[in-house]
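J.: Take the sequence shown: its position 54, counted from the start at 1, is 54 in full-length UniProt numbering, and no numbers get skipped.
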Amino acid sequence: MGKIRDAKKTLSSSALRPKKVKDDDVAICFCKYDPNNPESACGDGCLNVMTSTECIRGYCPCQDYCKNQRFQNCEYAKTKLLQTEGHGWGLLADEDIKAGQFIIEYCGEVISLEEAKHRSQSYEAQGLKDAYIISLNSNYFIDATKRGSLARFINHSCLPNCETRKWTVLGETRVGIFAKVDISSGTELSYNYNFEWYGGATVCCLCRAANCCLFLAAKSQGFQVIFFRQLLYLFEKFTVLILIRIILVD
Ligand SMILES: C[S@@+](CC[C@H](N)C(=O)[O-])C[C@H]1O[C@@H](n2cnc3c(N)ncnc32)[C@H](O)[C@@H]1O
């Protein structure tokens, strides 16, 4: 495993493309902080929260009471690494996490589609087993292979307890991992890589869920490609089994 950096010190997905938000473009909510009701400060009813946009310090009417600056304040849940059986490192909840809670930002280098294609092929050629490129939008991807937060260690599951969500933060799109359900401390975190993951080689899924799709990101790789890859994979497995049988029987 490469050296792990402190998540708070790593690049956020927007760090490579800093963009000053113009005053006219700042989305300002209508929340009003009521000391008798702490939920009044940018909770579920906040216009910005409803549109997955973070409030900006200095503009939010709730000022220091604003609760809608979680990416900017790195308000991550406590997590820790674990060594899994068969699929490398994974990430555990190190405290009870509530459904809907922001867990961690998926940080890394922001790269173009062309660069993602190029890097993915190059990593595969270098024999890198694990792939860390996920989609930011149709034009940009986040590559956490060399630099990233602990989110890069979250494995795939076909029945996940987390999901990725895209938020607009200081005018930029950023990707966060959020809990889909209540998660108890000590449980491995997972999300479904479908439509997010820019993987290289076909990887057999080890999630053990009853609805397992057998391969990682089977849907995002396109039905035809994955169908033929699966056929090829099964053909290879059968050929090996037949050869072993021939060797053992003869
Ligand atoms: C983003 S990384 C996850 C962290 C990785 N386990 C590690 O040790 O760094 C994605 C890689 O983890 C492995 N992986 C993740 N989920 C898996 C699963 N359900 N089954 C098999 N391999 C998985 C695959 O090798 C994949 O390329």
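For each residue, glycine too, the CB sits at the ideal point set by N, CA and C.
Is the CB of residue 82 under 8 Å away from at least one CB in chain D?
T.: Going by chain labels, chain D is absent from the structure shown, which holds only one protein chain.
J.: Closer than 8 Å by C-beta to residue 119: which residues in its own chain qualify, once you throw out the five before and the five after it? Chain order, please.
T.: Cβ neighbours of residue 119 beyond the five flanking positions: 111, 133, 143 and 145.
J.: Ligand 1 heavy atoms versus the CB of residue 116: any closer than 7 Å?
T.: No; taking the cut-off as 7 Å, the Cβ of residue 116 has no heavy atom of ligand 1 nearer than that.
J.: Using a Cβ-Cβ cut-off of 6 Å (strictly less than) and excluding sequence neighbours within five positions of residue 5, which residues of its own chain qualify?
T.: With a pLDDT of 34 at residue 5, under the threshold of 50, the modelled position of this residue cannot be trusted; read the value that follows with caution. Nothing meets the Cβ criterion.
J.: What's the C-alpha gap between residue 210 and residue 50?
T.: So the alpha carbons of these two residues sit roughly 34 Å apart.
J.: Can the beta-carbon of residue 185 be found closer than 8 Å to that of residue 95?
T.: Contact: yes.
J.: Does the stretch 50–66 touch the stretch 21–35, meaning 3 or more C-beta pairs lie closer than 8 Å?
T.: The answer is yes - the stretch 50–66 touches the stretch 21–35, with three or more Cβ pairs under 8 Å.
J.: Taking residue 83 as part of the beta strand (DSSP E), name the residues at either end of that continuous run.
T.: Its beta strand (DSSP E) spans residues 79–83.
J.: When the distance is taken between beta carbons, is residue 42 closer than 8 Å to residue 67?
T.: Yes.
J.: Do residue 182 and residue 117 have their beta-carbon atoms positioned less than 8 Å apart in this structure?
T.: No, Cβ-Cβ distance for residue 117 and residue 182 is not below 8 Å.
J.: Going along the chain, which residues of its own chain have a beta-carbon closer than 6 Å to the beta-carbon of residue 187, five neighbours each way excluded?
T.: So the list reads 93, once near-sequence residues are dropped.
J.: Just how far apart, CA to CA, sit residue 62 and residue 37?
T.: Between residue 62 and residue 37, the C-alpha separation is close to 12 Å.
J.: With residue 179 as the anchor, note down where its beta strand (DSSP E) starts and where it stops.
T.: Per DSSP, residue 179 belongs to the beta strand (DSSP E) from 172–179.
J.: Around the C-beta of residue 152, are 16 or more other C-beta atoms found within 10 angstroms, so that it is buried, or is it exposed?
T.: The residue is buried, with at least 16 neighbouring Cβ atoms inside 10 Å.
J.: Is the stretch 165–174 in contact with the stretch 189–203, if contact means three or more CB pairs nearer than 8 Å?
T.: The answer is no - the stretch 189–203 does not touch the stretch 165–174, with fewer than three Cβ pairs under 8 Å.
J.: Go ahead and label residue 104 buried or exposed: buried means 16 or more other beta carbons lie within 10 angstroms of its beta carbon, across all protein chains shown.
T.: The residue in question, residue 104, is buried, as its Cβ has 16 or more Cβ neighbours within 10 Å.
J.: Can you check which of these residues, 123, 85 and 78, is closest to residue 102 by C-alpha distance?
T.: The residue with the shortest Cα to Cα distance from residue 102 is 78.
J.: Going straight from the alpha carbon of residue 121 to that of residue 194, what length do you get?
T.: Distance between the alpha carbons of residue 121 and residue 194: 19 Å.
J.: Should residue 216 be listed as close to ligand 1, given that the test is whether its C-beta is under 7 Å from any heavy atom?
T.: It does: the Cβ of residue 216 is within 7 Å (strictly closer) of some heavy atom of ligand 1.
J.: Which value, in whole angstroms, describes the spacing of the CA atoms of residue 137 and residue 236?
T.: Distance between the alpha carbons of residue 137 and residue 236: 35 Å.
J.: In terms of residues, what are the limits of the beta strand (DSSP E) holding residue 109?
T.: Looking at the DSSP string, the run of the beta strand (DSSP E) that includes residue 109 is 109–112.
J.: Under 7 Å from any heavy atom of ligand 1, does the C-beta of residue 100 make it?
T.: Checking every heavy atom of ligand 1 against the Cβ of residue 100, none is found closer than 7 Å.
J.: Give me the residue from 86, 91 and 114 with the minimum Cα distance to residue 205.
T.: Among 86, 91 and 114, the Cα nearest to that of residue 205 belongs to 86.
J.: Which residues bound the beta strand (DSSP E) around residue 128?
T.: From DSSP, residue 128 is part of no beta strand (DSSP E); its letter is neither H nor E.
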